[in-house]
Amino acid sequence: MKQKAIISLLWGKHFGALQQFLQMHEPLTVIASMGSLSPQMQAAVAQTGSTLVSIDGLAQDASAAQTVSAETQQLLGTFERHIQQQPEFCGFAADASDKLRPVVFESVKGDLPAIVQLLECLKRAAEQYDIALLVTNEDMTRVGKTATAWARAQGIPSVHLAHSIALVDPYTVHDELIADKLVVYGQRGVEGYRDLGVAAERLIATGNPAWDGYATLRKQKPACRQQLNTKYGLKAELPLVVFGTTWAANLSAHCIEDIYDASVRAFMIACESLKRAGIQINAVIKDRPSNAAFGETRCAEILAKLGASGDGYYYATDDTELFAAGADVLVAVDSNYLVEGMLAHTPVVNLMNTAGMLMGPCFEAETGVVEVEAHELASALQQILTNPELRTGLVQLGQKRAAHYNHNDGDGMATVRVAQVLTGAAKGLAPRMQRHVWQQYLDVESGEIAEGYHTPGRPNLVAMYSNDPAIVIDIGCAAGSTAALIKERFPTSQVWGIEMNRAAAQVASSKIDRVLVGKFEDFDLEREGIAKGTLDGVLLADVLEHMYNPWDVMVKLRPYMSPKGQLVLSIPNVRNLMLMDDLSKGKWTYAAAGLLDITHIRFFTLAEIVKFVAETGYRIVRAEHAIDGRLRDLWNQNQAITAPTEINMDRMKLKDVTRDELLELCTIQFHLVLEKDPLQG
18 MKQKAIISLL WGKHFGALQQ FLQMHEPLTV IASMGSLSPQ MQAAVAQTGS TLVSIDGLAQ
78 DASAAQTVSA ETQQLLGTFE RHIQQQPEFC GFAADASDKL RPVVFESVKG DLPAIVQLLE
138 CLKRAAEQYD IALLVTNEDM TRVGKTATAW ARAQGIPSVH LAHSIALVDP YTVHDELIAD
198 KLVVYGQRGV EGYRDLGVAA ERLIATGNPA WDGYATLRKQ KPACRQQLNT KYGLKAELPL
258 VVFGTTWAAN LSAHCIEDIY DASVRAFMIA CESLKRAGIQ INAVIKDRPS NAAFGETRCA
318 EILAKLGASG DGYYYATDDT ELFAAGADVL VAVDSNYLVE GMLAHTPVVN LMNTAGMLMG
378 PCFEAETGVV EVEAHELASA LQQILTNPEL RTGLVQLGQK RAAHYNHNDG DGMATVRVAQ
438 VLTGAAKGLA PRMQRHVWQQ YLDVESGEIA EGYHTPGRPN LVAMYSNDPA IVIDIGCAAG
498 STAALIKERF PTSQVWGIEM NRAAAQVASS KIDRVLVGKF EDFDLEREGI AKGTLDGVLL
558 ADVLEHMYNP WDVMVKLRPY MSPKGQLVLS IPNVRNLMLM DDLSKGKWTY AAAGLLDITH
618 IRFFTLAEIV KFVAETGYRI VRAEHAIDGR LRDLWNQNQA ITAPTEINMD RMKLKDVTRD
678 ELLELCTIQF HLVLEKDPLQ G
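Its first residue numbered 18, the sequence shown is counted upward by one per residue in the working numbering.
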C-alpha cells in the first residue's frame, strides 16, 4: 500500500496552517519545493513525525531528462502547427495573427520545458504515493496553475489558500477558479470571485493565518514601538510613519512599471513637506524582503535626487507586523498591508495610483482608510498626526470594518480554521490518535516544540536588564526568540544559549552567537569559552522549576557573574488562586504548559523564592508580578484595598487577605532581577 502524502505549494507565511494540519493527522509524506521551506520549517515538519520529499528531486535522473526533452519538443511542434493553421486557437484577430504568433510562440517555448518537468515530477509522485490533497497559495502562474490543473485531472482534491485579499478584480486571466476550494480571508475576498461567477460553496472565509499575531500585538502597541526603537535606532519622542512599498507584478496590462520608484518618491516628498511644516517624524521605508538586494540603495538614490537629507529616514525589510502595530500612521499602495494596519488598530492611508483607480476602488469609505493622491499625502499625514480625535475616529472605523476583510476581526484562530478546511478536503487521511500529556511532553530532548518556533519572544524580560550587558547566556533558550531580542536591544552583545531540545537548539543557533545542546549541568562554561567574572547577563525564563537542583545551578553561576552582572528570572507562582482552588476540588492536573507543566519538578511561592535567592548568594534588585489573565478582573476590582479583605472562590474562602497577599495570589509568574549579594563575598 502506498504511503499517504500531500503536495504543498504553500508559501512560508502560511506554514503555520500546514503545521497545524500535520499535527491533526497521523504522520504522512509532504511533497514540497524545499526552497520554500526554511531549515526551521523543515525541522518543524519532522517534529510532527511527517517526512519531507522534494518535488524537484523526483525527476532528476537521466531517464526523466530524456522524457522531458522529448515531450517538450513534441508539444512545441503541435502548438506551432495549431497557431499557424488555426490562429483563433489563441484568440488571434485575423489582422494581428502574423505579429502575435512569434511573440506567443517564444513565450510558450520559454515556459514549456519547466512545465513539462513539473508534470513529470507530479506523475512520479502519484506513482509512488497515495496523494490525499494538493494545497497551493495560487493557481494562476506557471507552477500553481499547472499543478492544480493536474490535480483536478487526477481526481486529487485541491485547495487554493489565497495569498492575499483580491482588493481589485482577481488576476485569474480566464475568469475561473481551478482549485476545488478557495480559502479567502473574509467576505471582501469573496466578492471578486463571486463577480466572476465562482459558486459560493467553493469559497470559504477563514481569516489569514499569517495575521493571527495581530490579536496579541494590537494589545502591545507600546512594547512593539519600544522594540522598533531599540532595533532601528528610532527617535522615541517622534511619531513613526511607515511606508509599505509596492512592486510591478506585470500580471496585467495596466501595470505601472515604475510604481516602486514613483510611490517611494511620493512618500519622501510628503515627509519633506512635513519637515518644512515643522513636523519631525521617523520615516520608515518598509520594503519587501525580495527587494533587499537593491531597495536601500534605490531609496537613497531617490532621496538624493530630491536633494533631501537622509536624517530621519530608515530602511527595513523585516518586522512587518511590528511596524504595523508600532506605527502612528501606516501608508501603502492598494495593499493588504493596510488591512494589517486596521487589524493592528493603526491609522492607515492608501496612496492611490492610476491602475488602482482604474481597477478599484480597493477600500470603501466605511473602513476608515484615508485614500489620497500623491499631492494630498502630506496634508493627510499632517492632519492624522496632529488631530487626536481624527486618529481615534479612523481607528474606530477600521475596527468596525476589519472583520469584513479578515474573518472574525483577526481573532488569532485562522491557522486552526484553515487546517480544518484542509482536513475536510483531504481524501482518506487518518486523524492523529490522541496521546496523553505524559506521552507527548516528557521527552524534552527530542519531543515536539511546535509552539516554540512561533513565539515572538519576551521583550518585557529583556527590558529588565539595566546594565548594557556584553556577554549574556540564556539557559533554556528554546528556539532562541527571547535571546534574539537581547541581541536586538544590545547589538554589540555576545548572546549564548543552552537548550536540551535538539530541534529547538538548531533553530536558536540561526538567531544567536552560539547554542550549547544539553543541560546546564552538562557544561563547564570556562572550558566552553566563558571566563569567570565576565558574564554580564543570565536569563532563566521559566527554567528553574524544570531542574532537579536549581540551587546548585545558581551557586555554580555565581563565580561567572561580572561585577555588574544581572540575572533575570521568570518563575511560576504555585500560590496562585486558580491553582489553589483547583486543589481544593481535588484537582492537580498536569498539562502541556502552564503552572502544572508536566515537566515541572520544583514549585515556589514568593516567600520560597526570596529564601532561594538569599541561600544561593544573590539579592533581588527588582521584582514584577505578571497577573494571571483569569484573575485580572479580581485584581482590578480589589487592588485599591487598604484593609484586609475576604476572597471567595468556588470551594475556598480566604480571610484577612492583605493587598500584597492578593497581588501574589493573582500572580502567575514572578519576574525578578538579581545581582550577587556583596555581603556573601
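Ideal placement from N, C-alpha and C gives every residue a C-beta, glycine not left out.
It should be emphasised that the depicted structure is a prediction, and the values quoted were computed from it without experimental measurement.
In this structure, DSSP gives glycine 33 a helical state, which the three-state scheme calls helix. Counting only runs of 3+ residues, the beta strand (DSSP E) found wholly inside the region 229–314 occupies 257–261 and 299–303, in chain order. With a cutoff of 8 Å on beta-carbon distance, aspartate 128 and arginine 159 are scored as near each other. For tyrosine 422, the uninterrupted alpha helix (DSSP H) run begins and ends at 405–422, by DSSP. DSSP places glutamate 543 in the uninterrupted alpha helix (DSSP H) bounded by 542–545. The beta carbon of isoleucine 319 sits closer than 8 Å to the beta carbons of Asp278, Val281, Arg282 and Met285 from its chain, once the five residues preceding and following it are set aside; these are given in chain order.
Assigned with DSSP and collapsed to three states, histidine 42 falls in strand. From the listed residues Met41, Pro130 and Val690, the smallest Cα separation to glutamine 83 is found for Pro130. Each residue's CA atom was taken as its position, placing threonine 403 and cysteine 288 some 14 Å apart. A Cβ-Cβ separation of about 18 Å leaves isoleucine 685 out of contact with valine 674 under the 8 Å criterion.
The Cβ-Cβ distance between asparagine 299 and glycine 329 falls below 8 Å. Contact annotation, threonine 499 with leucine 586: C-beta distance approximately 13 Å; criterion of less than 8 Å not satisfied. Taking all protein chains in view, the Cβ of histidine 392 is surrounded by fewer than 16 other Cβ atoms within 10 Å, so the residue is classified as exposed. Counting along the chain, aspartate 650 sits inside the alpha helix (DSSP H) bounded by residues 649–655. Nearest to lysine 140 by C-alpha distance, out of Lys248, Thr409 and Ile24, is Ile24.
Counting other Cβ atoms within 10 Å of its Cβ, asparagine 154 reaches 16 or more and is therefore classed as buried. Every beta strand (DSSP E) of 3 residues or more that sits fully in the region 504–590 is shown, in chain order, as 511–516, 531–534, 552–558 and 578–589. Its chain contains Gly493, Cys494, Ala495, Ala522, Ala525, Val532 and Val534 as the residues whose beta carbon lies nearer than 7 Å to that of glutamate 516, once the 5 sequence neighbours on both sides are disregarded; these appear in chain order. Between the region 639–652 and the region 554–568, the count of Cβ pairs shorter than 8 Å is below three; the stretches do not touch. Distance from the CA atom of tyrosine 482 to the CA atom of leucine 689, rounded to whole angstroms, is 10 Å. Phenylalanine 687 sits in a strand when the DSSP states are folded into three classes.
By the Cβ test, the region 563–575 is in contact with the region 620–638, since at least three Cβ pairs between them sit closer than 8 Å. Of the residues assessed, leucine 323 falls on the exposed side of the cut-off, its CB having fewer than 16 other CB atoms within 10 angstroms.
Less than 8 Å separates the beta-carbon of alanine 61 from that of glutamine 36. Our two residues, glutamate 193 and asparagine 653, have alpha carbons roughly 55 Å apart in a direct line.
Counting along the chain, no alpha helix (DSSP H) covers serine 71; the unbroken beta strand (DSSP E) around it starts and ends at 68–71. C-alpha of alanine 341 to C-alpha of methionine 157: approximately 29 Å in a straight line.
Ranking Leu347, Ile173 and Met564 by CA distance to the CA of aspartate 539 puts Met564 first.
One thing to note: histidine 362 has its Cβ within 8 Å of the Cβ of glutamine 416.
Within the same chain, and ignoring the five residues on either side of valine 125 in sequence, the residues whose Cβ sits closer than 8 Å to its Cβ are Leu93 and Phe96.
The residue from Glu137, Arg434 and Pro476 with its alpha-carbon nearest to that of alanine 34 is Arg434. By the beta-carbon neighbour count (other beta carbons within 10 angstroms, threshold 16), glutamine 244 is buried. Taking C-beta atoms as the reference points, leucine 184 and leucine 199 fail to come closer than 8 Å. Straight-line measurement puts the Cα of leucine 69 at about 19 Å from the Cα of lysine 444. For glutamate 357, the closest of Thr46, Glu137 and Gly427 by C-alpha to C-alpha distance is Gly427. Within the DSSP secondary-structure output, valine 638 pairs in no beta bridge.
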